Amino acid sequence: MGTSEDDIDRLLGTLTPRARALLLHGATTWRTRAEPAVGLRELVMSDGPAGVRGQSWDERSTSVLLPCATALAATWDEALVERLGGLLAAEARRKGVHVLLTPTLNLHRTPLGGRHFECFSEDPELTGRIGAALIRGIQAGGVAATAKHYVANDSETDRLTVDVRVGERALREVYLAPFEAAVAAGVRLVM
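The sequence shown begins at 0 in numbering that gives the first Met the number 0 and counts up one residue at a time.
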């Protein structure tokens, strides 16, 4: 079976409205819902900016912890970061994880960003290059990477209600540039 738009529409058409609605939310915080009637398996996801948490919030479920993203970017060593992506992929496979919710491609544009430890740099070129290297390493290891948080997400406090206003030129040349590099690297998901 192919995966064309027509194939997907045909498969979804075989499901009841309730079954289709259930696909819109996860089975748990970290798992998508499977739908065996159309051959859809569940996906297991995990946070992954500095290590693979897995599906639990339990200190007994240990993980390899990498240096924060800013420290990785400070090396300017794309080959090293790609190898570390491979390490994250191996750790994800060990924990049964299919999708890592990393890299964070937002920029250090303000000192008030509460999650800058997940971000690489204030520079869109460096962020794009290091992010693409991490994506290549993760995905070469058989795990999907997720470029996040699309786009111009610089504030953690009330981030779901903030109205970000940015000119088109800055949007394209600064904020979107790392995401463009991620897409060029073949990232499988964007959050």
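Ideal Cβ placement from N, Cα and C applies to all residues, glycine included.
All values reported here derive from a predicted model rather than from experimental measurement.
L99 is classed as buried because its beta carbon has at least 16 other beta carbons within 10 Å across all chains shown. Within the model, the alpha-carbon separation for A183 versus G12 is close to 33 Å.
The residue among P16, R92, G84, F178 with its C-alpha nearest the C-alpha of R135 is G84.
In terms of CA proximity to A131, E77 leads the group E77, R114, T15, P66. In this structure, P177 sits near P123, with a CB-CB distance shorter than 7 Å. With 16 or more other CB atoms across the displayed protein chains lying within 10 angstroms of its CB, G53 is buried.
Considered as a whole, the region 62-114 harbours 98-100 as its complete beta strand (DSSP E) runs of no fewer than 3 residues, in chain order.
Apart from sequence neighbours up to five positions away, the residues of its chain that approach E121 with a beta-carbon distance below 6 Å are L106, H107, ordered along the chain.
Per the coordinates, the alpha-carbon of L23 lies some 13 Å from the alpha-carbon of L42. Residue ranges of uninterrupted alpha helix (DSSP H) with 4 or more members, entirely inside the region 1-60 and ordered along the chain, are 4-12, 16-21. When the five nearest sequence neighbours on each side are left out, the beta carbons in the same chain lying within less than 7 Å of the beta carbon of V63 are those of G50, L86, E90, in order along the chain. Relative to the Cα of P35, the nearest Cα in the group W75, R19, S45 belongs to R19.
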